[in-house]
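The listed protein sequences correspond, in order, to chains A and B. When the letters of the first sequence are read in order and numbered with this note's numbering, they come out as residues 1 to 501. When the letters of the second sequence are read in order and numbered with this note's numbering, they come out as residues 1001 to 1472. Ideal placement from N, C-alpha and C gives every residue a C-beta, glycine not left out.
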Amino acid sequence: MLTALILLPTAVAALLMCVPRTAPRSVFLTVWVATAAAELALTLAVWAGYRPDGGMQYETQVTWIPSAGVSYHIGVDGLSLPLMAMTSLLFLACAVYALRETRRVREFAALFLFLQTTCLGLFAALDLILFFVFFDLSIVAMYFIIASWGHAGAHRAALKFFLYTFLGSLALLLGFIGLYLAADPHTFDIVELTGTNPLAGRSLYGALVLLAIGVGLAVKTPTVPFHTWLPPAHTEAPTIGSVVLAGVLLKMGTYGFLRIAMPVLPGAWTEYALVFVVVGVVSVLYGALVAMAQTDFKRMIAYTSVNHMGYILLAIGAAAAVGTGEQARRLAVTGAVFQMVSHGLLTGALFLLSGVLYARGRTYEMAAYSGVADRAPVFAAATGLAAFASLGLPGFSGFIAEFQILAGSLGPRPVATGLALLGILITAALLVRAMQQIFLGPTRLPALAPGAAGPFPDLRPHESAAVLPLLALGIVLGLMPRFVLDIIEPASHQVLDLLAR
Amino acid sequence: MNGMNENPLDLLPEALLAASAVIGLLLGAWLPRHRQWMTGALAAAACTAGIAAAAVAAAGPDTTAFGESFSVDPVTGAGRIIILAGTLLVLALAVGPLHAHPRETEFYVLLQLAALGALMLAGAQDLLLLAAGYLLASVPAYTLAGFRKDAAGTEAALKYYVVGAALGVVMLGGITVLLAAGRATMYPILRAELPMASAALVTTGTIALVAGVLFKAGGVPAHFWVPDTVQGSTAPVAAFLTTVPKIGALVALYRLAAVPLADTAIPWPGLVAVLSAASMTLGNLAAFFQRDVKRLLAYSTISQVGYLLMPVAVVGATGLDQRALLFYLAAYTVTNIGAFAVVCALPDAHTIEDYRGLARERLVLIASLVVCLLGLVGTPPTAVFLGKLQVFSAAFDGGYAWLAVLAAVNTVASLFYYLRWIAPTVSPRTHRHAATGPRTAAGVACVTATASLALGVLAEPVLEVLATPLMP
């Protein structure tokens, strides 16, 4: 079932490539949306069959390259299931949003379907090499999406994105090889490595492996100082490319910390957790401050991602402070996972809305707009909702996530958490300021570039259909988070048990 | 030693290739020009039969031939299969452009002789046979490089010849010195004798010997011929020169490290590690701003030799070296020939700019190119990724973690120039493209790209076979 869920989009993509390019555009788009919807349905079926008492479920293990210690091993638990559900939903939103796409639709749809396979596969992978395969293929697919469908400076941005994240992936690979050689017998299996804790008592080796894995994941996350690839990639990517990049691809980094770095290297992690706390807090503050300085709406949202990812790092770093309240640390890890889901939904929505803005005015410059709320009240309301949810107002998923992270981290790391709180303040300020600039005041729209969509129309049906469900879920998760938290909590408990070895 | 009257069937793949070269030469003398393709078909048949024979021999017990100077063991077996398969692919690339060429037969014969030289290099277990293999692999290749008889081809051949001749002499000098030191040229005897010989003699001899082998491999510091020769010769020849002799040379180097030099006091691993680091780094840096695709691929092959030298540096220090080298060689052969096949299929596209927008017109061909180039980078799930995984693991396990780290950094650097080639293919088109090349080349590109993926995904049986240990 899980294999079908992972491979279906690629199979459909391969079929699409066999259909001649001259076929009507709607064929490709309909198949794309239908597949994304089927994927969401499959994910929900997996969710429905999942017992919330924790542990790995839907496991499949097939020997692949036994002489190199590699197997096709997948499964889901409370860490991966919420992320997979979020991934399926975001990809469906992207497909719906792209219904009006006209440029090389066949290749566009095929690439996105392929990208969906790599994202779902990564969250389900229980083998380091399988994880790495999906990790790298997601970079390749995203490269082509940015380079072929992006804005003017896309080639440079795509190259930068590829070089940075590929460097990260190779650091990751070296770390994986380090783990492989440390295990006896040599294996890349995450479950086995987690069980045997191969680097226990080898502190230098463990530190080096953690360094390699940490750098690899930090580039992908991205945290300061490895974040410089992110703003250009986001700014130049096509709208739904940014959505997937921010919503899903960034989570690969933080998910890797929870899935690999913490459980497999508990000794090294607890020893160096302070580094992650510091990097997390710096990312929170730096991301927020730089976001504040942006005049470009999309770039600003991109920098808030650095800020939001910083909270996750703070939480998982704080969770390593063994000896402090178990309850608090569990809260922090749960909050980190919840933040990944919440950030995926809300940033996804924000990027879709920035795409709407660009489609109308052909620019992301906030100064070019004013008083848009008069012309497009629904658009303004949706953006406002997304912004408030993103800055963590109570009643939205972002609040639950940030509250858990900060409450959980306060005990073990009071100073760092205190500093991180300032980040919320800054984000709130910058988002409210952006809202004010674009939506309030006298109506002023950018001079229309050729090809722009005329006077500012409100959200079109396909745009609403893509954005509103994400926001609705953000509110549902903010009001009734239990059904997700029930799944995450056993898993975060388990991560902490593994860490305490 | 049990005399020279051994079972000639031990050398069946080599004999088949030699026989088909000779028969081809005679055949070509009286065949009309438009029927000369038959010599090519004969060569292909010989390669195919050779692969089958090598597979059978590899499954059998280890043995030696030619009075113990040629070893028939799993390493030779794998080397033979990779060399012959590579030659077969190059033959397919040559079919189109050479059809009814005035010197069609000569081309096939030279190609087979050079491949035969590579086969001898791979199996040689005696320094003199190694020298003979070197000459056999080199002399026909010099001619092939200048086959087109134009200015660029002449320059290519001349550069190749001058460097090759000079390093060949150095290599013979090295063999003489090693003979003086070890009083034999046979590897098993040298293994026993060299540790007791003067360290200075052994070191001098080894360095001179390695210089020659590195020339065939195209590794730093014997790499000067590579860019000019590859750019100057025709695309099928370039594909051959950057692949087939390399396989023979690297297997020879591996065998040298594993047998005669294994117990000597020379800091062999350090030496090879430095050569490896230099090859990958210089190759990559030089490739950065190349605009000519053949030249870019030439520098890329120099950097690939660097990765291939990693397992050679850790011979004996880890159980992973042999499998890593042989698998990487197979993966590299398929992928590199695939990239050259795309170059053959687009004879009018010389610079990366000429590939602009081609993805829309030749989707399958460009997809093959992307797979091959990303394969050369080592993106999963292609074969070279698995090869890199193995050589990195081998280097780590053998205590050369810094080399693995350097190789990883180099991989990222290499990405830059491969992407400079990939990026224009998906850009909007700026000018119309001229004629397309031979269909067979496009077919080869597609087949090799598929094979590269298949070898990466279905690697298990191959890896298992390659892990059989080398004859002591």
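Item, Value
"Three-state class that DSSP yields for E39 of chain A in the structure shown", "helix"
"Pair within 7 Å by beta-carbon distance, F456 of chain A and R375 of chain A", "yes"
"Span separating the alpha-carbon of A1383 of chain B from that of G398 of chain A", "43 Å"
"Check whether V357 of chain A and A302 of chain A have beta carbons under 7 Å apart", "As written in the sequence, residue 357 of chain A is Leu, which differs from the Val given in the question. It is not a contact, given that the beta carbons lie outside the stated cut-off."
"Endpoints, the beta strand (DSSP E) within which S502 of chain A is located", "One cannot answer for residue 502 of chain A here, as it falls past the ends of chain A, which runs 1 to 501."
"Residues of the region 1060 to 1088 of chain B whose Cβ lies closer than 9 Å to any Cβ of chain A, in chain order", "none"
"Residue span of the beta strand (DSSP E) that contains E59 of chain A, given as start and end", "57 to 65"
"Contact with chain A by P1380 of chain B, beta-carbon distance below 7 Å", "yes"
"CB of T1076 of chain B within 7 Å of CB of C1047 of chain B, strictly", "no"
"Any C-beta of chain A under 7 Å from that of D1397 of chain B", "yes"
"Residue-level contact to chain B via CB, A184 of chain A, 7 Å cutoff", "In the sequence as presented, Ala is not what sits at residue 184 of chain A; that position holds Asp. By this cut-off, D184 of chain A is not an interface position."
"Beta-carbon separation (whole angstroms), V282 of chain A vs L179 of chain A, contact threshold 8 Å", "Contact doesn't hold; Cβ gap of about 27 Å is too wide."
"The region 1410 to 1425 of chain B: positions lying closer than 7 Å to chain A by Cβ", "T1411, V1412, L1415, F1416, L1419, A1423"
"Length at least 4, wholly inside the region 405 to 490 of chain A: the alpha helix (DSSP H) runs in chain order", "414 to 439, 461 to 479"
"The region 225 to 245 of chain A touching the region 145 to 157 of chain A, judged by at least three CB pairs closer than 8 Å", "yes"
"DSSP three-state assignment for V1230 of chain B, whether helix, strand or coil", "helix"
"7 Å Cβ cutoff met for V1259 of chain B and R1323 of chain B", "no"
"Whole-angstrom distance between L421 of chain A and V284 of chain A, CA atom to CA atom", "9 Å"
"Between the CA atoms of L170 of chain A and I213 of chain A - distance to the nearest angstrom", "9 Å"
"At least 3 beta-carbon pairs within less than 8 Å: the region 1107 to 1127 of chain B vs the region 1248 to 1264 of chain B", "yes"
"Element boundaries [beta strand (DSSP E), containing A1065 of chain B]", "1063 to 1065"
"4 or more residues per run - each alpha helix (DSSP H) lying fully within the region 1283 to 1358 of chain B", "1293 to 1313, 1321 to 1345"
"Alpha-carbon spacing of Q1304 of chain B relative to A1019 of chain B, whole angstroms", "33 Å"
"CB contact below 7 Å: S1393 of chain B versus chain A", "yes"
"Residue-level contact to chain A via CB, L1463 of chain B, 7 Å cutoff", "yes"
"Straight-line Cα distance separating V1371 of chain B from F123 of chain A", "25 Å"
"Every unbroken alpha helix (DSSP H) inside the region 316 to 374 of chain A [4 residues or more]", "326 to 361"
"Cα-Cα separation between V1391 of chain B and L1309 of chain B, rounded to whole angstroms", "9 Å"
"Neighbouring residues, chain B, relative to A147 of chain A (Cβ below 7 Å)", "A1423, V1426"
"Alpha carbon of L1406 of chain B to alpha carbon of L445 of chain A, nearest angstrom", "52 Å"
"Under the three-state DSSP convention, the category A293 of chain A falls into", "coil"
"Reduced DSSP category for P1472 of chain B - H, G, I as helix; E, B as strand; rest coil", "Here the model assigns P1472 of chain B a pLDDT of 42, short of 50, so the residue's position is not dependable and the matter cannot be decided."
"Reduced DSSP category for V1 of chain A - H, G, I as helix; E, B as strand; rest coil", "Sequence check: residue 1 of chain A is Met here, not Val. It is coil, neither helix nor strand."
"CB contact check: Y1361 of chain B to chain A, cutoff 7 Å", "Going by the sequence as given, residue 1361 of chain B is Glu instead of Tyr. So, not an interface residue."
"I1051 of chain B to A1058 of chain B span [Cα, whole Å]", "10 Å"
"Pick from A:V76, A:G69, A:G55, A:F108 that is closest to A45 of chain A, judged by C-alpha positions", "A:V76"
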